[in-house]
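Visitor: At the far end of the sequence shown sits residue 907, using UniProt numbering, and the numbering has no gaps. Sending over a structure as structure tokens; questions will come in a sec.
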Amino acid sequence: MAENMEQDVHEEDENSDDESMNKNSEDSDSEDNTEQDEARVRELEKEISKNPYLYDSHVALIKKLRDLGDLQRLRAAREAMRALFPLTEELWLEWLRDETPLVSEQEERNKVEKLFELAVKDYLSVPVWLEYVQFVIGGMGSEGGIQHIRDVFENALTAVGLHVTQGANVWEAYREFENALLAGLMPQPGAVTTKEQEEAFNAQHQKIASLFKRQLAVPLMDMEESFAEYKEWLGGSVDPEVEKAYNKALAVMDKIKPFEEQLLASEAPHLEAYQKYIEFEIAEGDPARIQCLFERAIQENCLVPDLWLQYTKYLDEKLKIGSISLATYERAFRNCPWSAQLWRNYILTLERTTQPFDVVKGTMDRALVSGVTEASDFLLLWTVYCDYLRRRINWNGEHENELETFRLTVERAADHLFENFGLDGDPEASLRQYWASIEARYCKNLERARELWNAVMQEGYGNQAAMWLNYYRLERTFGDAKHCRRILQRALNSVTDWLECITQAYIDFEREEGTLEDYEQAYAKCEAQLARVNERKAKAAEKEAVVKEQKKLQRAVTKAQKKQVVKTEGSESQTHKTEVGKWSESVTGARTVDSSRKRKAPETAHKGQAEQGFKVPSLPHRTDEPAAKKVKEEPVEHGESVQHNPSKDNVTVFVSNLDYEVGEERIREAFHKCGDITNVRLVKNFKGKSKGFCYVEFADPNSVLAALKLDRQPLDGRPMFVSRCEDRSAGNKTTPFKYSTDLEKKKLFVSRLPYSCTVDTLTTIFKEHGPLKDVRLVTYRSGAPKGLAYVEYETAEAAAQAVLKLDGLKIGDHTMSVAISNPPPRKLPFGQMVAHVPTLGSGKKETNIRGKARTQVALVPRTVQRPGAGLPTNPSGSGDDTPASSGDSTQPQSNMSNADFRKMLLK
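If you want it as structure tokens, here you go:
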């Protein structure tokens, strides 16, 4: 017995040891898992700190913290995600169900109720509302608890009571709560009820009956069962009015039932089925049902901007309740912040609901950093905001502050678009056109309007006829004939795309406003310009036709070569022909490949000579056969061809005027500070040496803007020209002149400088009179100085002071000249000067047209003039080179050879 007891104890000890070992093993595994989860949490937190907008990382972090049971960090993670994103129904339910069991005090209950309020605002969700009402029922014992529960139920019915498939759950929960209250009011068996108790019972009974009536008037799934329940609850006949409302709702249910069935049959997210359903409801015209259906669709398609646009448009145009519209827009931006159209409509709604200026301005600032990326979207935002600012201006009262805000905003918008997208940011310069129109129409400030238009034309729009016509129309409406004529003349010399409309406008203007001389002069100018343009077009068309013909011929030759079949068997003559054919094919192929040394291959060859490696001469044509037509040779290519890729123009700059010794590495070194360089294509000649220009391709379009700032910067002693990359082979627009051609009161033009003068020297001299903005030496293309410079000050006052103090200053043997920068007009016809136009910023010019020169001496050397051109010929008629005795001893004979002329010229 003792031995058995000892054995049992020993077995129990062994079992206890095994259990202890298993428990220790489980604890060890649990610790390992906890460490892994903690490491994963740190990794996710690091990812979110770098980029807070990683939605999946937020979800994964919340899941891991929930597994770890770290309540404080879990709450912080959920709050951080809620601040950036709307939460789904699943995430909210999980959060709320974690928080509700922890409530013990009224303060904690209030915090959880605030969470419920936030939850029901993100998306329409019947389960979340049911959780909410269940939570508030738990606090019924507090003061005003029953009324608070009823308020929450009413809010739930307003939000989801029309939900066709799930709304009945909320109605039933509400009636169940009221029935519970009714049961509490019923008297005990045998007890005598007081009048107050009877009144309270009847009032509660009426509330339940009212709930039934309201529910039966709404088209819901399984409403027949609700009607049967109502009849049973009454214990009598149904009110005819209630039955009529029920039948009406039942008829509506029959209409919408196919759409609900289609939703069930389609695959998530059911967008197409929802669209058809929404169209039907809008046609029916019940705003509450339409709004509920939109909410259902958005719950499953929250990232579809078009659906939000459709919803907000309905609210703005049909419902017209400002508070609902504004709240819906805010929800839309939490889901689709990148939609510029949504931001545009929101700004209009803010203006429509008379929101304060600070609110609208703050909304615009949010929109600019919300994730919008396209140039057209930014232009849309800036346009609607500038329209709003213009409408704020009260032109009949004090408006200086509002007008200045409008001006600064338009200028900021134009700069923002140009800096980030170049000319593509505002391809028609619509903002500055709008600004110029406001200056001319309302401010009567034509000078400012002309400055704006001139700036637009200098940025690269000067070759577009439509832009000049818009400028002309503004001047014609608010300006004068002098400036209209000037605009049309400038347009005539600048337009490349639609010259005919400019000529017609010019002629019509002079016909209506000018004298006969003006009209005839305009007509002559237009005809001459049209003739020149048509001639250029004809030459371009002819050149294109030649290129096409050459390509066609090359394709024909290539096709014939491919069809040539070399026979390897046959007679000796056939073998010989085959060998000659191979030789001819190899020569032709070599001619095709080696494009830098193209020659015409012989058409026939003597037998056997091709195999020996000698040159095979062409046989002469027979006299009885017509000579074969000469085939036009392909143009000889010089150097390595660098193909232009238009798809990469936005990340590429064209660099020219480079020193021939500059290589690709030196170019990379010069541009590396602008951004990552993906490719440098240096154009070379056939010897492999640089031609002095190249293409620099970047990884980021913003690097192009930085590279353009290096224009005219010296590289190994020569100023390099940096411009945007664009294909100009088809007559595309040219690069506009970089520097201003108008009067600049802050900039000085300095001349008569010694060639040894440097930027540092000028900076030391001029900075004594005010803060400098820029100092630029003017050089030739080779980099050699011209003895000229431009010095720009921060203020016009400093520039004026410098002119007074430094004009005439001696630097070494040179007397420096300093004046305000006011360059003459560019691109004037040779020999023609324009009249003085003060408002255009040019100095006084001569108004007469230059006539013939004083000396009418023929500049053709007499030694090369032909007989009959006024020079005597050899009277002797001999064929030798001896001069005639009666003529000038220095007069050559008319039949001089080139060698004789060269000898005479070199004496």
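C-beta atoms are modelled at their ideal positions from N, C-alpha and C, and glycine is treated no differently.
Going by Cα to Cα distance, which pick from 209, 248, 106 and 506 is closest to residue 232?
Guide: Walking along the sequence shown from the start, residue 232 turns up at place 232. Of 209, 248, 106 and 506, the residue nearest in Cα terms is 209.
Visitor: Taking C-alpha atoms, which residue in 645, 120 and 683 lies nearest to residue 663?
Guide: The residue you call residue 663 lines up with position 663 of the sequence shown. Comparing Cα positions, the closest option is 683.
Visitor: Name the DSSP bridge partner or partners of residue 948?
Guide: What is shown of the chain runs 1 to 907, which leaves residue 948 out entirely.
Visitor: Suppose contacts are defined by Cβ-Cβ distances below 7 Å. Is residue 783 in contact with residue 718 by that definition?
Guide: Counting from one through the sequence shown, the residue named residue 783 turns up at place 783. Counting from one through the sequence shown, the residue named residue 718 turns up at place 718. Closer than 7 Å, so yes.
Visitor: Measuring straight from C-alpha to C-alpha, what distance separates residue 385 and residue 336?
Guide: For the purposes of this step, residue 385 is taken as residue 385 along the sequence shown, with counting starting at 1. For the purposes of this step, residue 336 is taken as residue 336 along the sequence shown, with counting starting at 1. For residue 385 and residue 336, the distance between alpha carbons rounds to 20 Å.
Visitor: Measure the C-alpha to C-alpha separation of residue 720 and residue 462 and round it to an integer number of angstroms.
Guide: As a first step, residue 720 must be located in the sequence shown, where it is residue number 720. As a first step, residue 462 must be located in the sequence shown, where it is residue number 462. Those two C-alpha atoms are separated by around 25 Å.
Visitor: Would you call the CB atoms of residue 123 and residue 299 closer than 7 Å?
Guide: Here residue 123 is taken as the residue at index 123 of the sequence shown, counted from 1. Here residue 299 is taken as the residue at index 299 of the sequence shown, counted from 1. Cβ distance < 7 Å, so residue 123 and residue 299 count as in contact.
Visitor: Please list, in chain order, all residues of the same chain as residue 499 whose beta carbon is under 6 Å from its beta carbon, the five residues on each side excluded.
Guide: By one-based count along the sequence shown, residue 499 stands at place 499. Hits under 6 Å: 533.
Visitor: Is it the case that the Cβ atoms of residue 167 and residue 93 are separated by a distance below 7 Å?
Guide: The sequence position of residue 167 within the sequence shown is 167, counting from 1. The sequence position of residue 93 within the sequence shown is 93, counting from 1. Not closer than 7 Å, so no.
Visitor: Closest to residue 291 by C-alpha separation, out of 313, 795 and 273, would be which residue?
Guide: For the purposes of this step, residue 291 is taken as residue 291 along the sequence shown, with counting starting at 1. Closest by alpha carbon: 313.
Visitor: Write down every uninterrupted run of the alpha helix (DSSP H) in the UniProt domain "RRM" (651-727) whose length is 4 residues or greater and which is fully enclosed by it, in chain order.
Guide: You should have 664-671 and 701-708.
Visitor: Per DSSP, which residues does residue 974 bridge with? Please list them.
Guide: Since the first residue shown for the chain is 1 and the last is 907, residue 974 is missing from the structure and cannot be characterised.
Visitor: Pick helix, strand or coil for residue 778, following the three-state DSSP scheme.
Guide: As a position in the sequence shown, residue 778 is number 778, starting the count at 1. If DSSP states are grouped into helix, strand and coil, residue 778 belongs with the strands.
Visitor: Out of curiosity, what's the CA-to-CA distance linking residue 253 and residue 269?
Guide: Indexing the sequence shown from 1 puts residue 253 at position 253. Indexing the sequence shown from 1 puts residue 269 at position 269. Cα to Cα, the separation comes out at about 23 Å.
Visitor: Going by C-alpha distance, which of 286, 240 and 311 is nearest residue 275?
Guide: For the purposes of this step, residue 275 is taken as the residue at position 275 of the sequence shown. Nearest of 286, 240 and 311 to residue 275, Cα basis: 311.
Visitor: DSSP state of residue 393, grouped into three classes?
Guide: Looking up residue 393 in the sequence shown gives position 393. DSSP places residue 393 in coil when its eight states are reduced to three.
Visitor: Does the region 656-673 come close enough to the region 686-696 that 3 or more CB-CB pairs lie under 8 Å?
Guide: Cβ pair count under 8 Å is three or more, so yes.
Visitor: Near residue 187, what residues of its chain come up, given a Cβ to Cβ distance below 7 Å and the 5 sequence neighbours on each side ignored?
Guide: As a working note, residue 187 is residue 187 in the sequence shown. Closer than 7 Å at Cβ, skipping near neighbours: 193 and 197.
Visitor: So, is the C-beta of residue 273 closer than 7 Å to a C-beta in chain C?
Guide: This model lacks chain C altogether; it includes just one protein chain.
Visitor: Answer yes if the region 258-272 comes into contact with the region 238-250, meaning at least three C-beta pairs across the two stretches below 8 Å, and no otherwise.
Guide: The region 238-250, when compared against the region 258-272, does not touch it at the 8 Å Cβ threshold.
Visitor: Taking only three categories from DSSP, how would you classify residue 143?
Guide: Within the sequence shown, residue 143 is the residue found at index 143, counting from 1. In this structure, residue 143 counts as coil in the three-state DSSP scheme.
Visitor: Can you look up residue 488 in the DSSP assignment and give me helix, strand or coil?
Guide: Looking up residue 488 in the sequence shown gives position 488. If DSSP states are grouped into helix, strand and coil, residue 488 belongs with the helices.
Visitor: Does DSSP put residue 872 in a helix, a strand or coil?
Guide: Numbered from 1 along the sequence shown, position 872 holds the residue referred to as residue 872. Low confidence applies to residue 872: its pLDDT is 41, below 50, so where it sits in the model is not reliable, and the reading given next is rough at best. Residue 872: coil per DSSP, three-state reduction.
Visitor: What's the gap between the Cα of residue 797 and the Cα of residue 805?
Guide: Translated into the one-based positions of the sequence shown, residue 797 becomes position 797. Translated into the one-based positions of the sequence shown, residue 805 becomes position 805. Computed Cα separation, rounded: 13 Å.
Visitor: The ligand FMN and residue 425: does any heavy atom of the ligand fall closer than 6 Å to the residue's C-beta?
Guide: The ligand FMN is absent from the structure shown, which contains no ligand whatsoever.
Visitor: Out of 338, 646 and 468, point me to the one whose CA is closest to residue 308's CA.
Guide: Taking the sequence shown and counting its residues from 1, one reaches residue 308 at position 308. It is 338.
Visitor: When you compare the CB positions of residue 65 and residue 77, do they come within less than 7 Å of one another, or not?
Guide: Looking up residue 65 in the sequence shown gives position 65. Looking up residue 77 in the sequence shown gives position 77. Yes, the Cβ-Cβ distance between residue 65 and residue 77 is below 7 Å.
Visitor: Relative to the C-alpha of residue 660, which residue among 647, 690 and 677 is closest?
Guide: Start at 1 with the first residue of the sequence shown, and residue 660 comes out as number 660. The candidate whose alpha carbon is nearest that of residue 660 is 690.
Visitor: Got a sec, what are the start and stop residues for the alpha helix (DSSP H) residue 248 sits in?
Guide: If you number the sequence shown from 1, residue 248 lands on position 248. First-last of the alpha helix (DSSP H) with residue 248: 240-265.
Visitor: Contact between the region 447-458 and the region 390-403 is defined here as three or more beta-carbon pairs at a separation below 8 Å; is this criterion met?
Guide: No: fewer than three Cβ pairs fall under 8 Å.
Visitor: Going by DSSP in three states, residue 785 sits in which element: helix, strand or coil?
Guide: Numbered from its first residue, the sequence shown carries residue 785 at position 785. Here residue 785 sits in strand by DSSP.
Visitor: With H, G and I counted as helix, E and B as strand and the rest as coil, what does DSSP make of residue 370?
Guide: Here residue 370 refers to the residue found at position 370 when the sequence shown is read from its first residue. DSSP places residue 370 in coil when its eight states are reduced to three.
Visitor: Please say whether residue 799 and residue 793 have beta carbons closer to each other than 7 Å?
Guide: The residue labelled residue 793 in the question sits at position 793 within the sequence shown. The residue labelled residue 799 in the question sits at position 799 within the sequence shown. Yes, Cβ-Cβ distance for residue 793 and residue 799 is below 7 Å.
Visitor: Going by beta carbon distance, what residues of the same chain come within less than 6 Å of residue 185, once the five residues before and after it are set aside?
Guide: To locate residue 185, count along the sequence shown from 1; it is residue 185. Only 200, 201 and 204 meet the Cβ criterion.
Visitor: Counting only runs of 4+ residues fully inside the region 402-466, write out the alpha helix (DSSP H) ranges in chain order.
Guide: If we require 4 residues or more, the alpha helix (DSSP H) runs fully inside the region 402-466 come out as 430-441 and 446-456.
Visitor: What separation, rounded to the nearest whole angstrom, lies between the Cα atoms of residue 751 and residue 817?
Guide: Translated into the one-based positions of the sequence shown, residue 751 becomes position 751. Translated into the one-based positions of the sequence shown, residue 817 becomes position 817. When rounded, the distance between both Cα atoms is 5 Å.
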